Amino acid sequence: MNIYISGISGTGMGPLALMAKKAGINVYGSDRSLGAIANELENAGIEYQVGPQDGTYFSEKIDSVGIDWFIYTSALPQDHPELVMARDRGIKVSKRDELIAKLVKDLDLKMVAIAGTHGKTTTTSMLVWAIDKLTDDNNNRLLPSSYLVGTTLSFVPSGSYKEGDKFFIYEADEYDRNFLNFHPWVSLITYVSYDHPDIYKTREDYEQAFIQFEDQSEKVIFATKEASIHGVDVLKAKGKNLQIIPGIDQRINLSGSPRREDATTAFFAIKEMLSFCGKEVSDERILCVLNEFPGVGRRFERICEGFYSDYAHHPEEVKATIDIAKEEARKLSKKGVVVIYQPHQNTRQHEVRHLYKDAFDEADKIYWLPTYLTREDESLPVITPEEFIADISAKDKAFVAELDDDLAEKIKADHSDGYLIILLTAGPADKWFRNVVK
3 MNIYISGISG TGMGPLALMA KKAGINVYGS DRSLGAIANE LENAGIEYQV
53 GPQDGTYFSE KIDSVGIDWF IYTSALPQDH PELVMARDRG IKVSKRDELI
103 AKLVKDLDLK MVAIAGTHGK TTTTSMLVWA IDKLTDDNNN RLLPSSYLVG
153 TTLSFVPSGS YKEGDKFFIY EADEYDRNFL NFHPWVSLIT YVSYDHPDIY
203 KTREDYEQAF IQFEDQSEKV IFATKEASIH GVDVLKAKGK NLQIIPGIDQ
253 RINLSGSPRR EDATTAFFAI KEMLSFCGKE VSDERILCVL NEFPGVGRRF
303 ERICEGFYSD YAHHPEEVKA TIDIAKEEAR KLSKKGVVVI YQPHQNTRQH
353 EVRHLYKDAF DEADKIYWLP TYLTREDESL PVITPEEFIA DISAKDKAFV
403 AELDDDLAEK IKADHSDGYL IILLTAGPAD KWFRNVVK
């Protein structure tokens, strides 16, 4: 089979290309620029083009090797030249999760899927970290697992497939209902809170998608009682195999209750996988591995001394990340926490605006940037930083800001005064921030 992946060198598609290649599929693709997985693609011998995706290279591949399947992401516009050409040429077209579902089934892998509004990337990464570290005396993995994570990891590649693996660990994204392609062996549900209003028009619609996903799973492990509240009664009535984690394992000593909760969820998943394989590992050994978790990119990532960046862009994520930052600031004997916040997608902000009220209460200073606009409903007015600040209880500590030299000087001065600085964004502010502080 010959597949073509558009946007092949990014963190979302690159690992999939590597997995498909290792599974014996001929992989081709293109990308506008070199992404985070570029070196791994080159080392795997995957052929792709970097530059304008105008259809020229794709057309050449159709004519020279024959493309059976065109894979793309939800972010690709419907008028993209490659997507239009694939449809015009009668080539099968689908998003990546359909291919993943096929690979998991064809390779007879037990899928461990991690889903939820918040915490899924960290939980998935913790699980990948643990299965890499849990080995026997001959350094063989106790839980042979392939995986795909939607971020760059410092300790292993973002995706891997090895022949003979028993499990496939995957961060299952609810955006565009992508996770409904799967029928997992075990699903881990981290937390469910209404999000993606551009796809799910109501909270009920969002929650029903999770219930359907859970119903498609052989077993469901809920990270907390709160995570299960939307679907547990429905699933119990159907006789579904459910487990609700009673609380955070107090033997986990990572910073911040959200990370301790994610590690607890990963711990329960590891126990389930070990049971399936008929292997025994002490709780102490598993917890020791999880307590050594180094973190992942853009999830409370330390850029340099006193400067951190995080992907948080939902009010509940914002609040949780500031709590982690406060705990870290105390450990480092910092005066407090200064937050730079860039909201993401105006359409989403209209749905979650009311949740910001107390989200910044633990911050000592807030620099509020204009919203990063993407996939917008043009009929909605753009909410300004001034309007957001007027809504929050920490308004006296909040200031309107721009990504400019003035803000750069202010955060450097705050750092010199002894504060921990953290940027919260899913947008381009991260690149600016790294250039300023390094």
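Count along the sequence shown from 1, then add 2; that gives the number in the numbering used here. Glycine residues also receive a C-beta, built at the ideal position from the N, C-alpha and C atoms. All figures in this text were calculated on a predicted structure; none of them were measured in a lab.
When DSSP states are grouped into helix, strand and coil, His346 belongs to the strand group.
Beyond the five residues adjoining it in sequence on each side, Ile116 comes within less than 6 Å, by CB distance, of Lys122, Thr125, Thr126, Glu173, Leu190 in the same chain, given in chain order.
In the structure shown, Glu42 falls within a helical segment according to DSSP collapsed to helix, strand and coil. Annotation for Phe390: the continuous alpha helix (DSSP H) segment containing it runs 387 to 393. Check the Cα spacing between Ala314 and each of His417, Gly258, Ala428, Phe212: the tightest is with Ala428. Taken in chain order, the complete beta strand (DSSP E) segments of 3 residues or longer contained in the segment 79 to 121 are 94 to 97, 112 to 117.
For Trp370, no alpha helix (DSSP H) segment is defined; the enclosing uninterrupted segment is the beta strand (DSSP E) at 367 to 370.
By alpha-carbon distance to Leu244, the top candidate from Asp251, Gln252, Ile250, Asp235 is Asp235. Unbroken alpha helix (DSSP H) runs of no fewer than 4 residues, entirely contained in the segment 286 to 350, are found at 317 to 333, following chain order. Within the segment 237 to 266, the beta strand (DSSP E) runs of at least 3 residues that lie entirely inside it are, in chain order, 243 to 246. Ser127 carries a helical assignment under DSSP once its states are collapsed to helix, strand and coil. Within 10 angstroms of the beta-carbon of Ser160 lie 16 or more other beta-carbons, which makes it buried.
Arg34 has no beta-bridge partner at all, per DSSP. By the Cβ rule, the segment 103 to 112 does not count as touching the segment 35 to 46, because fewer than three pairs are nearer than 8 Å. Collapsing the DSSP output to three states places Tyr208 in a helix. Secondary structure note for Tyr59: its alpha helix (DSSP H) is the uninterrupted segment 58 to 66.
For Val194, no beta strand (DSSP E) run applies, since DSSP gives it neither H nor E. Leaving aside the five residues that flank Ile213 on each side, the residues in its chain whose CB is nearer than 8 Å to its CB run, in chain order, His232, Gly233, Val236, Leu237. Using a Cβ distance threshold of 8 Å, Ile385 and Gln344 do not count as a contacting pair. Ser35 has its alpha-carbon roughly 32 Å from the corresponding atom of Ala132. Taking each of Ser195, Asp432, Ala103 in turn and checking the Cα distance to Gln218, the smallest one comes out for Ala103. Nearest Cα to Val188 within the set Phe169, Ser335, Asn180: Phe169. Note on Pro430: under 16 other CB atoms within 10 angstroms of its CB, so exposed under the neighbour-count rule.
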